[in-house]
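Below is one structure, written out as C-alpha cells; the observations come after it.
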Amino acid sequence: MTFRWDILFRSLPYLWEGAQMTIRLTTTAVGIGFVIGTLLGMARICQYKPLRTLAAVYIDFIRGTPLLVQIFLVYMGLPQLLSFPMPRLTAAILALSLNSGAYVAEIVRAGIQSIDLGQTEAALSLGCSNAQVMRYIILPQAFKRIIPPLGNEFIAMLKDSSLVSVIALEELVRRANIVITRTYRPFEIWLGVAFMYLIMTIAISRLVAYMERKLKVDV
Amino acid sequence: MFEIHDLHKHFGSLHVLKGITCGIAKGQVVVIIGPSGSGKSTFLRCLNLLEKPTGGTIYVDGVNITDPKTDIRRVRENVGMVFQRFNLFPHMTALDNVAFAPLRVLHLSKDEARERALDLLVKVGLGDKADSYPDQLSGGQQQRVAIARALAMRPKAMLFDEPTSALDPEMIGEVLEVMKALAEEGMTMVVVTHEMGFAREVGDLVLFMDDGIIVEQAPPEIMFNCPSHERTKAFLSKIL
Ligand SMILES: Nc1ncnc2c1ncn2[C@@H]1O[C@H](COP(=O)(O)OP(=O)(O)OP(=O)(O)O)[C@@H](O)[C@H]1O
Ligand SMILES: [Mg+2]
C-alpha cells in the first residue's frame, strides 16, 4: 500500500477551487452574520421586552438545533413554504448567515456587557441619547474586545460550512467526494482536505492575532 | 440653581435617601460629607437623573426635572459630572474626549469643537497632552481631562463625586487646584469629598449626610469647629 502523492497533487487544483468556495461562503456568512448578530445582540439587551424575547427565542432556536437541520429547512423547507425555487448557493449562504448571526449575537452581547457601566454614565451625563452612547462609546470599544471570539466563530463557521456539501454545493468537502468517486483514493484525498482546512484555520488565527496586536497599540 | 424637596430613593426595598430637602444657590460651592453608604453618591446622581428618584421633587434652574415630561438630556447638558474613576473614553484621545459632547450633542462643527476642547485642555494645564490616550496619562491628568470634558458643554453647574479618591496623594493637589479655579470663576458646584482642606477653603456650605438624610448643614467654619449634632461630631472626630 503506497501513498499516491501523484493522485493528490493532480486533484489539488480542483480541490482548491472547492476551498475557494468554502472561503467565499464562510466570509459572506460571517459578514452577514456580523450585521445580524450586532442587531440581535443589541436587541437582546434593549429596554423593549418583546424585542428582547424575540431575539432570545431566535438565538435559542439556532443554537439548540443542528446546523444540518437548519440547512435542510432553508433549502427544502422554505421553497415549499413560499413556493419559489431556492438556488443552492443562496440556500447555503442564507442558512450559514442565519446560524452565524445567532452565535455572533451572543458574542456581541457579551462584548457590550463587558464595557464598564461608567462609560455609559459618563456619556449620558454629557447629554447623549442612548443611541449615541451605543454608537460612539459602547460599540467601538466592544468591537475591539470581540475580535478574538469573532475569530473563533469564523474558524468554527469555516469548518461547519462543510455541511452544505449535503445540498450538493461544490465546496471543499463536496469536491473531495467527487474526486474520490473517480479515483478511489479516500485516504490521500481526505488527508489532503484536512490539511487544506488546517492551513485556512491557521491563517485566520494568525490574522486575528495580528489585528489584536495592531489595535492594542493605538489604544 | 437646585431646589430639592423631600427627595427619596429606594433600591428595591432598600431606602437609601429618606427625604432630603435643600437649596443650592447659583455660584455656591456645596461640599457633601458623610460616612460610606450614607447616600452621598446617590443624592448627587439624582441631581442629573443618573438615578431616578422614587419620591420628591428636584428643580434645576427653575425646571422640574422629576416631572416625567422634562427632557432629561436637556437637563444633563446643563449639569456636568465628574466621577471618582474618571470614566474617560479609552478609545479617544484627550482632545477627542473633550470635543466629543460639543460635536455630538451640541452639533458644533469639528473645528469649533476641537478649538473649544483645546482651550479647555489648556485651561486645566494639559494643552500638551491633547493627542494622548487616557491610558498614557496619570490619574491626576485623566481627572483633569474629565473635568475639561464636562466643562465642554458649558454647564451651569458641576457635580463631583469623590474626584480625588482614586488618586495617588501627590496628584490630588493638581485636581483640587483646577476645581478651586472653577469655583473662583463662579461655577455652581456640588462636591462629595473627603478633602476637608478643600471644603474649608472653597466650600460655601457643608452638608453632613448620614443614613439617607442631611443631618446638619452649615458653612465650613461652623461645621468643622462647632458642629451641633452628635453624629456630626462623631464623624468629624474620626476624619479630622
Ligand atoms: N444601584 C444600586 N442598587 C442597589 N443598591 C445601591 C445602588 N447604589 C447604591 N446602593 C446602596 O445605597 C446605599 C448608599 O450608597 P451611596 O453610593 O449613595 O453611598 P455613599 O455615601 O456614596 O458611599 P461611599 O462613601 O462609599 O461612596 C448603599 O447602601 C449602597 O449599597
Ligand atoms: Mg459614593
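Chains L and Y, in that order, are what the protein sequence lines are. Read the first sequence against the numbering used here and you will find it ends at 478, with the numbers running on by one and no gaps. Read the second sequence against the numbering used here and you will find it ends at 516, with the numbers running on by one and no gaps. Think of the CB as a built atom: it goes at the ideal place given N, C-alpha and C, for glycine as much as any other residue.
Residue i: beta carbon under 7 angstroms from a heavy atom of ligand 3?
i        : result
Y/Thr318 : Inclusion of ligand 3 in the displayed structure is not the case, the ligand content consisting of ligand 1 and ligand 2 alone.
In chain L, which residues lie less than 9 angstroms from residue i when you measure between Cβ atoms?
i        : result
Y/Phe359 : Gly377, Glu380, Ala381 and Ser384
Y/Ile381 : Looking at the sequence itself, residue 381 of chain Y is Val, so the reference to Ile does not match. In chain order: Leu385, Gly386, Cys387, Ser388 and Gln391.
Y/Arg349 : Leu383, Gly386, Cys387 and Ser388
Counting C-beta neighbours from all protein chains within 10 Å, is the total for residue i 16 or more, i.e. buried, or is it exposed?
i        : result
Y/Thr464 : buried
Y/Phe511 : buried
Y/Thr469 : buried
Y/Glu438 : buried
L/Val478 : Here the model assigns L/Val478 a pLDDT of 42, short of 50, so the residue's position is not dependable, and the following value carries that caveat. Per the 10 Å Cβ criterion, exposed.
L/Gln400 : buried
Y/Phe436 : buried
L/Arg434 : buried
Y/Phe319 : buried
L/Gln329 : buried
Y/Thr508 : buried
Y/Lys302 : exposed
Y/Glu471 : buried
Y/Met368 : buried
L/Met260 : exposed
Y/Thr342 : buried
Which bits of chain Y does residue i rub up against, with CB to CB less than 9 angstroms?
i        : result
L/Gln400 : Phe365, Pro366 and His367
How many angstroms separate the CA atom of residue i from the CA atom of residue j?
i        : j        : result
Y/Gly338 : Y/Met277 : 7 angstroms
L/Asn358 : L/Gly292 : 7 angstroms
L/Leu267 : L/Glu447 : 6 angstroms
L/Val476 : L/Gln339 : With a pLDDT of 44 at L/Val476, under the threshold of 50, the modelled position of this residue cannot be trusted; read the value that follows with caution. One C-alpha to the other measures close to 52 angstroms.
L/Gln489 : Y/Ala424 : Within the shown structure, residues of chain L are numbered from 260 to 478, placing residue 489 of chain L beyond reach of any answer.
Y/Pro445 : L/Arg394 : 36 angstroms
L/Ala361 : Y/Glu506 : 60 angstroms
L/Arg347 : L/Ala354 : 10 angstroms
Y/Glu460 : Y/Asp404 : 24 angstroms
L/Ile406 : L/Glu471 : 7 angstroms
L/Ile396 : Y/Met499 : 42 angstroms
L/Leu428 : L/Tyr317 : 26 angstroms
L/Gln306 : L/Leu298 : 14 angstroms
Would you mind telling me which residues of chain L sit closer than 7 angstroms to residue i, beta carbon to beta carbon, in chain order?
i        : result
Y/Ala377 : Leu385 and Gly386
Y/Met499 : In chain order: nothing, as chain L lies at least about 28 angstroms away.
Y/Met429 : Leu385 and Gly386
Y/Asn324 : Ser384
Name the chain Y residues that come within less than 7 angstroms of residue i, Cβ to Cβ?
i        : result
L/Ile396 : Phe365
Going along chain L in order, which residues have a C-beta closer than 8 angstroms to the C-beta of residue i?
i        : result
Y/Arg392 : Near Y/Arg392 there are no residues of chain L at all, since even the closest Cβ is about 13 angstroms away, more than 8 angstroms.
Y/Glu353 : Leu385 and Gly386
Between residue i and residue j, how many whole angstroms is the CB-CB distance? I'm expecting something under 8 angstroms.
i        : j        : result
L/Leu274 : L/Leu431 : 6 angstroms
Y/Leu458 : Y/Met434 : 7 angstroms
Y/Gly479 : Y/Val358 : Their Cβ separation, rounded to whole angstroms, is 16 angstroms, which puts Y/Gly479 and Y/Val358 out of contact at 8 angstroms.
Y/Leu443 : Y/Gln419 : 7 angstroms
Y/Val482 : Y/Ile309 : 6 angstroms
L/Leu284 : L/Ile352 : 7 angstroms
Y/Val400 : Y/Val336 : Incorrect: roughly 25 angstroms between the Cβ atoms, too far for contact.
Y/Ala406 : Y/Leu394 : 6 angstroms
- Query: Contact between the region 489-503 of chain Y and the region 287-300 of chain Y: three or more CB pairs below 8 angstroms?
  - Reply: yes
- Message: With three or more beta-carbon pairs closer than 8 angstroms as the criterion, would you say the region 370-385 of chain L touches the region 348-368 of chain Y?
- Response: yes
- Query: At a cut of 8 angstroms, does the region 417-429 of chain L reach the region 456-475 of chain L through at least three beta carbon pairs?
  - Reply: yes
- Touching by the beta-carbon criterion (3+ pairs, under 8 angstroms), the region 402-411 of chain Y and the region 326-334 of chain Y: no
- Assess, as a yes-or-no matter, whether the region 354-373 of chain L is touched by the region 395-415 of chain L under the definition of 3 or more beta carbon pairs within less than 8 angstroms. yes
- Query: Do the region 374-388 of chain Y and the region 446-455 of chain Y meet, that is, are 3 or more Cβ pairs less than 8 angstroms apart?
  - Reply: no
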